[in-house]
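These notes concern the structure reproduced below.
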């Protein structure tokens with residue numbers, strides 16, 4: 048008789064629980080135990096900072112173990128928003144939303160570069176980097192258009208990525224360019240936790256976009272879907288609490304040295320939400336529920 052073990056569904060729930068936990072711990076730490084002028088923690092700030100990083104990451108790693116264990120339950124079948132009921136079409140909405148945010152972010156970065164060239168004034172640290180800033184701006188615009196087109200294609204039930212497997216490459220290159228900019232210009236906070244947050248959240252977001260590219264193209268099937276869930280879970284556990292808290296702090300007028308600009312945070316956050324919604328749709332259509340959590344059958348003789 049087959050016995051049920053940890054399931055993909057349980058892994059998704061575990062990863063999802065880490066997001067509000069990390070967000071709550073980080074907001075408490077930043078609002079009550081952080082000196083924005085010096086960039087150093089006060090009181091229990093350092094302990095809370097490490098907890099806000101490690102607890103969600105641990106939940107995502109455990110969820111990843113559940114995804115890996117149930118690899119055979121992945122069918123490689125992608126989401127089908129055009130055939131889904133209304134509530135299941137969140138992927139289409141998040142694809143369009145992230146596309147709009149990326150377009151605005153790219154245009155704003157180009158505007159900042161023109162201001163720097165003409166008047167010597169800039170808002171982004173990366174603007175002085177010249178080609179790195181311009182490359183990220185251009186890829187933001189390209190990925191933004193691509194996400195908007197993806198939303199339209201999904202709504203219409205079309206799958207152009209399977210005919211052109213490298214079509215999502217601008218999205219992957221955007222993630223790679225973002226990682227370079229984050230590492231060069233923003234991973235220099237006085238806090239080690241802040242630096243780990245900014246770099247590793249971007250790394251896992253890039254890896255999830257690489258897996259997403261393969262899933263959209265229909266390449267690798269089960270392996271690609273498994274990697275999307277593993278890396279997407281890790282990206283969600285780090286990106287959403289970190290960027291959402293930073294956006295909230297920016298709204299309150301609180302900034303600190305080394306933080307990611309709000310437009311970067313919004314771009315990362317919107318793309319991560321798209322990846323997470325895609326994963327949830329993949330679970331609905333691309334996971335064999337009969338094999339999810341099933342253990343191998345053992346014979347007695």
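Residue numbers (the working numbering): 48 to 348. Built from N, CA and C at the ideal position, the CB exists for glycine as well. Remember, predicted model here, so these are calculated numbers, not experimental data.
Could you give the DSSP three-state label for residue i: helix, strand or coil?
i           : result
residue 88  : strand
residue 171 : coil
residue 80  : coil
residue 341 : strand
residue 56  : helix
residue 134 : Since pLDDT at residue 134 reaches only 43, below the 50 mark, its modelled position is unreliable, and the value read off the structure follows with that caveat. Helix at residue 134.
residue 197 : helix
residue 116 : helix
residue 67  : helix
residue 93  : helix
residue 182 : helix
residue 307 : coil
residue 218 : helix
residue 213 : coil
residue 9   : Coverage of the chain is limited to positions 48 through 348, which leaves residue 9 absent and any answer about it impossible.
Could you tell me the distance, in whole angstroms, from the CA atom of residue i to the CA atom of residue j?
i           : j           : result
residue 142 : residue 109 : 28 Å
residue 134 : residue 244 : With a pLDDT of 43 at residue 134, under the threshold of 50, the modelled position of that residue is not reliable, and the figure given next carries that caveat. Distance between the alpha carbons of residue 134 and residue 244 is about 32 Å.
residue 328 : residue 201 : 12 Å
residue 57  : residue 330 : 11 Å
residue 204 : residue 169 : 43 Å
residue 352 : residue 184 : Residue 352 is absent from the structure shown; the chain starts at 48 and stops at 348.
residue 74  : residue 297 : 12 Å
residue 90  : residue 313 : 30 Å
residue 48  : residue 193 : Its pLDDT being 38, under 50, residue 48 is placed unreliably by the model, and the measurement read from it follows with that caveat. Roughly 48 Å separates the two Cα atoms.
residue 257 : residue 303 : 31 Å
residue 230 : residue 246 : 6 Å
residue 268 : residue 262 : 6 Å
residue 85  : residue 155 : 28 Å
residue 211 : residue 107 : 32 Å
residue 78  : residue 111 : 31 Å
residue 92  : residue 295 : 18 Å
Where does the unbroken alpha helix (DSSP H) through residue i begin, and where does it stop?
i           : result
residue 335 : Here residue 335 belongs to no alpha helix (DSSP H), and DSSP marks it neither H nor E.
residue 138 : 137-166
residue 232 : No alpha helix (DSSP H) holds residue 232; DSSP gives it neither H nor E.
residue 275 : 269-298
residue 241 : 239-264
residue 208 : 207-210
Among all the DSSP beta bridges, which residues are the ones paired with residue i?
i           : result
residue 121 : 334
Give a yes or no on contact between the segment 283-298 and the segment 316-334, applying the rule of three or more CB pairs nearer than 8 Å. yes
Please determine if the segment 212-222 and the segment 231-247 are in contact, where contact requires at least 3 C-beta pairs separated by less than 8 Å. no
Looking at C-beta atoms only, is the number of pairs between the segment 111-125 and the segment 141-155 that lie closer than 8 Å three or more? no
Taking 8 Å as the cut-off, does the segment 100-117 touch the segment 60-72 (at least 3 CB pairs, one atom from each stretch)? yes
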